[in-house]
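Convert by adding 16 to the 1-based position in the sequence shown; the result is the number in my numbering. Working notes for the structure below.
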Amino acid sequence: MSASVIMTQSSSMPTEDKGWIHLPFIKLEPLAFDDSVLNRSYTWLVFSSKNAVRYFLPYLSLLRYEKVAVIGEKTQRFCEQHGIEVDFCPEDFSQEGFLDKFTFKKGASIFIPSSKAARPILEEVLKERGADVVKIDLYEPVEHQQNILYAIKLLKEQSADGIAFASSSSAENFFKALKRCQVQPDFECYAIGQPTYETVRKNGYDAVIARKQTIDGLIYTIKESRNLK
(Lines of atoms letter the chains of each structure in order from A and count residues from 1; the text may use other names and numbers.)
(Lines give C-alpha, C1' and ligand atoms only; values in the text may rest on other atoms or scores of the structure.)
Protein backbone atom coordinates (compact mmCIF):
# COMPACT_ATOMS: atom_id res chain seq x y z
CA MET A 1 0.00 0.00 0.00
CA SER A 2 1.60 3.25 -1.15
CA ALA A 3 -0.68 5.89 0.39
CA SER A 4 -0.89 6.52 4.13
CA VAL A 5 -4.20 6.45 5.97
CA ILE A 6 -4.54 7.28 9.65
CA MET A 7 -6.59 4.66 11.51
CA THR A 8 -8.11 6.02 14.70
CA GLN A 9 -9.78 3.03 16.39
CA SER A 10 -8.79 1.94 19.91
CA SER A 11 -8.26 -1.70 18.93
CA SER A 12 -5.04 -2.90 17.30
CA MET A 13 -4.60 -3.05 13.54
CA PRO A 14 -5.65 -6.37 11.97
CA THR A 15 -3.10 -5.99 9.17
CA GLU A 16 0.67 -5.59 9.03
CA ASP A 17 0.60 -3.92 5.61
CA LYS A 18 2.69 -0.78 5.30
CA GLY A 19 0.99 2.54 4.77
CA TRP A 20 -1.34 2.49 7.77
CA ILE A 21 -0.70 4.88 10.65
CA HIS A 22 -2.48 3.74 13.81
CA LEU A 23 -3.29 6.63 16.16
CA PRO A 24 -6.13 5.84 18.58
CA PHE A 25 -8.20 8.98 19.19
CA ILE A 26 -10.00 7.52 22.19
CA LYS A 27 -8.76 6.18 25.52
CA LEU A 28 -11.15 4.09 27.59
CA GLU A 29 -11.50 4.63 31.33
CA PRO A 30 -13.51 2.32 33.64
CA LEU A 31 -16.43 3.72 35.62
CA ALA A 32 -17.93 2.74 38.95
CA PHE A 33 -21.57 1.60 38.95
CA ASP A 34 -24.26 0.48 41.39
CA ASP A 35 -23.51 -3.23 41.72
CA SER A 36 -26.96 -3.94 43.19
CA VAL A 37 -28.13 -4.41 39.58
CA LEU A 38 -26.10 -7.63 39.56
CA ASN A 39 -28.38 -9.19 42.17
CA ARG A 40 -31.25 -9.63 39.70
CA SER A 41 -31.94 -12.37 37.16
CA TYR A 42 -32.16 -11.36 33.50
CA THR A 43 -33.62 -12.96 30.39
CA TRP A 44 -30.99 -11.45 28.12
CA LEU A 45 -27.47 -10.14 28.57
CA VAL A 46 -26.65 -7.84 25.64
CA PHE A 47 -23.14 -6.80 24.61
CA SER A 48 -22.94 -4.09 21.96
CA SER A 49 -19.15 -4.19 21.63
CA LYS A 50 -16.01 -6.16 22.39
CA ASN A 51 -15.02 -3.51 24.95
CA ALA A 52 -18.28 -4.03 26.81
CA VAL A 53 -17.42 -7.72 27.18
CA ARG A 54 -13.86 -6.95 28.26
CA TYR A 55 -14.91 -4.51 30.96
CA PHE A 56 -17.75 -6.72 32.22
CA LEU A 57 -15.77 -9.98 32.50
CA PRO A 58 -14.84 -9.40 36.19
CA TYR A 59 -18.55 -9.21 37.05
CA LEU A 60 -19.88 -11.93 34.75
CA SER A 61 -19.93 -14.70 37.36
CA LEU A 62 -22.08 -12.51 39.64
CA LEU A 63 -24.90 -12.10 37.11
CA ARG A 64 -27.74 -14.57 36.53
CA TYR A 65 -28.94 -14.58 32.92
CA GLU A 66 -30.54 -16.98 30.44
CA LYS A 67 -29.26 -15.91 27.03
CA VAL A 68 -26.60 -13.70 25.46
CA ALA A 69 -27.04 -11.40 22.45
CA VAL A 70 -24.23 -9.42 20.84
CA ILE A 71 -23.60 -6.88 18.11
CA GLY A 72 -20.67 -7.69 15.82
CA GLU A 73 -18.76 -10.82 14.88
CA LYS A 74 -15.68 -9.69 16.83
CA THR A 75 -17.84 -9.26 19.91
CA GLN A 76 -19.18 -12.76 19.37
CA ARG A 77 -15.70 -14.19 18.85
CA PHE A 78 -14.38 -12.47 21.99
CA CYS A 79 -17.30 -13.88 24.00
CA GLU A 80 -16.65 -17.39 22.74
CA GLN A 81 -12.94 -17.07 23.53
CA HIS A 82 -13.93 -16.44 27.14
CA GLY A 83 -16.44 -19.25 27.36
CA ILE A 84 -19.55 -17.12 26.84
CA GLU A 85 -22.07 -18.85 24.58
CA VAL A 86 -23.77 -16.43 22.20
CA ASP A 87 -27.43 -17.07 21.36
CA PHE A 88 -28.03 -14.18 18.96
CA CYS A 89 -25.83 -12.08 16.66
CA PRO A 90 -27.34 -10.23 13.67
CA GLU A 91 -25.61 -9.95 10.31
CA ASP A 92 -25.92 -6.15 10.41
CA PHE A 93 -23.38 -4.94 12.99
CA SER A 94 -25.26 -1.85 14.15
CA GLN A 95 -27.82 -1.07 16.84
CA GLU A 96 -30.42 -0.61 14.12
CA GLY A 97 -29.54 -3.96 12.56
CA PHE A 98 -29.74 -5.62 15.96
CA LEU A 99 -33.15 -4.13 16.70
CA ASP A 100 -34.45 -5.16 13.28
CA LYS A 101 -33.87 -8.86 14.01
CA PHE A 102 -33.91 -9.20 17.81
CA THR A 103 -37.13 -10.64 19.27
CA PHE A 104 -38.21 -11.25 22.85
CA LYS A 105 -41.33 -11.72 24.93
CA LYS A 106 -42.93 -8.61 26.37
CA GLY A 107 -41.70 -8.04 29.90
CA ALA A 108 -38.37 -9.75 29.30
CA SER A 109 -35.57 -8.38 31.46
CA ILE A 110 -32.54 -7.20 29.50
CA PHE A 111 -29.20 -6.19 30.98
CA ILE A 112 -26.89 -3.98 28.89
CA PRO A 113 -23.38 -3.22 30.18
CA SER A 114 -22.08 -0.54 27.86
CA SER A 115 -20.12 2.62 27.23
CA LYS A 116 -21.31 5.88 28.75
CA ALA A 117 -21.09 7.36 25.26
CA ALA A 118 -23.14 4.63 23.55
CA ARG A 119 -26.05 5.84 21.45
CA PRO A 120 -29.31 5.47 23.42
CA ILE A 121 -31.36 3.93 20.60
CA LEU A 122 -30.84 0.33 21.77
CA GLU A 123 -32.09 0.97 25.30
CA GLU A 124 -34.91 3.28 24.19
CA VAL A 125 -36.37 0.99 21.52
CA LEU A 126 -36.19 -2.12 23.70
CA LYS A 127 -38.11 -0.26 26.40
CA GLU A 128 -40.67 0.95 23.85
CA ARG A 129 -41.21 -2.67 22.82
CA GLY A 130 -41.99 -3.72 26.37
CA ALA A 131 -38.67 -4.89 27.77
CA ASP A 132 -37.50 -4.23 31.32
CA VAL A 133 -34.09 -2.77 30.48
CA VAL A 134 -31.22 -2.13 32.87
CA LYS A 135 -28.22 -0.35 31.32
CA ILE A 136 -25.03 0.43 33.19
CA ASP A 137 -22.16 2.67 32.14
CA LEU A 138 -19.08 0.44 32.45
CA TYR A 139 -16.55 2.76 30.87
CA GLU A 140 -16.28 6.03 29.01
CA PRO A 141 -14.23 7.17 26.03
CA VAL A 142 -11.80 9.99 26.76
CA GLU A 143 -10.25 12.13 24.06
CA HIS A 144 -6.60 11.31 23.23
CA GLN A 145 -5.58 14.88 22.48
CA GLN A 146 -1.91 14.15 21.77
CA ASN A 147 -2.73 11.63 19.03
CA ILE A 148 -5.33 13.92 17.48
CA LEU A 149 -2.87 16.81 17.22
CA TYR A 150 -0.23 14.50 15.77
CA ALA A 151 -2.70 13.26 13.15
CA ILE A 152 -3.42 16.85 12.11
CA LYS A 153 0.33 17.47 11.86
CA LEU A 154 0.76 14.44 9.58
CA LEU A 155 -2.09 15.59 7.34
CA LYS A 156 -0.73 19.14 7.12
CA GLU A 157 2.72 17.79 6.22
CA GLN A 158 1.08 15.43 3.68
CA SER A 159 2.69 12.46 5.42
CA ALA A 160 -0.84 11.06 5.37
CA ASP A 161 -3.67 11.83 2.96
CA GLY A 162 -6.58 10.00 4.54
CA ILE A 163 -8.16 9.39 7.91
CA ALA A 164 -10.58 6.67 9.02
CA PHE A 165 -13.03 7.12 11.88
CA ALA A 166 -14.35 4.16 13.86
CA SER A 167 -16.80 6.20 15.95
CA SER A 168 -18.73 9.46 15.93
CA SER A 169 -16.95 10.68 19.05
CA SER A 170 -13.50 10.26 17.50
CA ALA A 171 -14.63 12.17 14.41
CA GLU A 172 -16.16 14.96 16.49
CA ASN A 173 -13.03 15.35 18.63
CA PHE A 174 -10.83 15.47 15.53
CA PHE A 175 -12.85 18.16 13.76
CA LYS A 176 -13.02 20.30 16.90
CA ALA A 177 -9.23 20.29 17.03
CA LEU A 178 -8.93 20.82 13.27
CA LYS A 179 -11.07 23.96 13.37
CA ARG A 180 -8.54 25.56 15.70
CA CYS A 181 -5.78 25.17 13.09
CA GLN A 182 -4.92 28.02 10.73
CA VAL A 183 -4.15 25.75 7.78
CA GLN A 184 -6.83 23.29 6.66
CA PRO A 185 -5.16 20.27 5.00
CA ASP A 186 -6.68 18.34 2.11
CA PHE A 187 -7.48 14.70 2.92
CA GLU A 188 -9.98 11.90 2.39
CA CYS A 189 -12.29 10.63 5.13
CA TYR A 190 -13.61 7.14 5.79
CA ALA A 191 -16.37 6.18 8.23
CA ILE A 192 -17.20 2.83 9.81
CA GLY A 193 -20.96 3.41 9.70
CA GLN A 194 -23.82 5.81 9.05
CA PRO A 195 -23.75 7.71 12.40
CA THR A 196 -20.01 8.33 12.01
CA TYR A 197 -20.52 9.37 8.38
CA GLU A 198 -23.16 11.89 9.47
CA THR A 199 -20.74 13.38 12.00
CA VAL A 200 -18.12 13.82 9.27
CA ARG A 201 -20.70 15.42 6.95
CA LYS A 202 -21.88 17.74 9.73
CA ASN A 203 -18.34 19.08 9.92
CA GLY A 204 -18.22 19.90 6.22
CA TYR A 205 -16.40 16.85 4.83
CA ASP A 206 -17.51 13.90 2.75
CA ALA A 207 -16.64 10.31 3.63
CA VAL A 208 -16.67 6.81 2.20
CA ILE A 209 -18.70 4.42 4.37
CA ALA A 210 -17.47 0.92 5.12
CA ARG A 211 -19.61 -1.77 3.53
CA LYS A 212 -19.36 -3.79 6.73
CA GLN A 213 -19.25 -2.11 10.12
CA THR A 214 -16.01 -3.68 11.35
CA ILE A 215 -12.40 -2.53 11.25
CA ASP A 216 -11.69 -5.24 8.67
CA GLY A 217 -14.60 -3.95 6.62
CA LEU A 218 -13.34 -0.39 6.94
CA ILE A 219 -9.86 -1.38 5.75
CA TYR A 220 -11.33 -3.32 2.83
CA THR A 221 -13.40 -0.29 1.80
CA ILE A 222 -10.37 2.01 2.00
CA LYS A 223 -8.32 -0.31 -0.19
CA GLU A 224 -11.20 -0.66 -2.64
CA SER A 225 -11.77 3.10 -2.90
CA ARG A 226 -8.07 3.67 -3.56
CA ASN A 227 -7.79 0.78 -6.03
CA LEU A 228 -5.28 -0.95 -3.78
CA LYS A 229 -4.84 -4.67 -3.19
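All C-beta atoms in this analysis are idealised placements derived from N, C-alpha and C, irrespective of residue type, glycine included. Since we're looking at a predicted model, the values are computed, not measured.
Beta-carbon contacts of residue i that lie in its chain and below 7 Å, excluding the five residues immediately before and after
i: L325; result: Given that the chain is displayed from residue 17 to residue 245, the structure contains no residue 325 and the question cannot be resolved.
i: V53; result: V150, I152
i: G220; result: none
Rounded distance between the beta-carbons of residue j and residue i, thought under 8 Å
i: F41; j: N189; result: 6 Å
i: F109; j: I87; result: 6 Å
i: I168; j: A193; result: 6 Å
i: P129; j: L171; result: Going by Cβ atoms, the distance from P129 to L171 rounds to 36 Å, so no, they are not a contact pair.
i: Q92; j: C105; result: 5 Å
i: F94; j: V69; result: 5 Å
CB contact flag (residue i, residue j, <8 Å)
i: A226; j: T215; result: no
i: Q111; j: L138; result: yes
i: A124; j: D103; result: no
i: F127; j: Y166; result: no
i: K83; j: W60; result: yes
i: A182; j: I164; result: no
i: T230; j: K90; result: yes
i: L47; j: K132; result: yes
i: K122; j: G146; result: yes
Identity of the residues DSSP links to residue i by a beta bridge
i: F104; result: A85
i: R80; result: S57
i: P46; result: Y155
i: M23; result: H38, A180
i: F63; result: V86
Cut-off 6 Å between Cβ atoms - residues of its own chain near residue i, not counting five sequence neighbours on either side
i: N55; result: none
i: I22; result: I37, L39, A167, A176, I179
i: E159; result: N189
Beta-carbon contacts of residue i that lie in its chain and below 8 Å, excluding the five residues immediately before and after
i: D222; result: C205, V216
i: V224; result: E204, C205, Y206, A207, T237, I238, S241
Short CB-CB distance (under 8 Å) between residue i and chain D
i: W36; result: Absent from the structure is chain D; it holds one protein chain and no more.
Runs of beta strand (DSSP E) lying entirely within the stretch 123-171, each at least 3 residues, in chain order = 125-131, 148-159
With a floor of 3 residues, list each beta strand (DSSP E) that falls wholly inside the stretch 189-238, ordered by position along the chain.
-> 204-207
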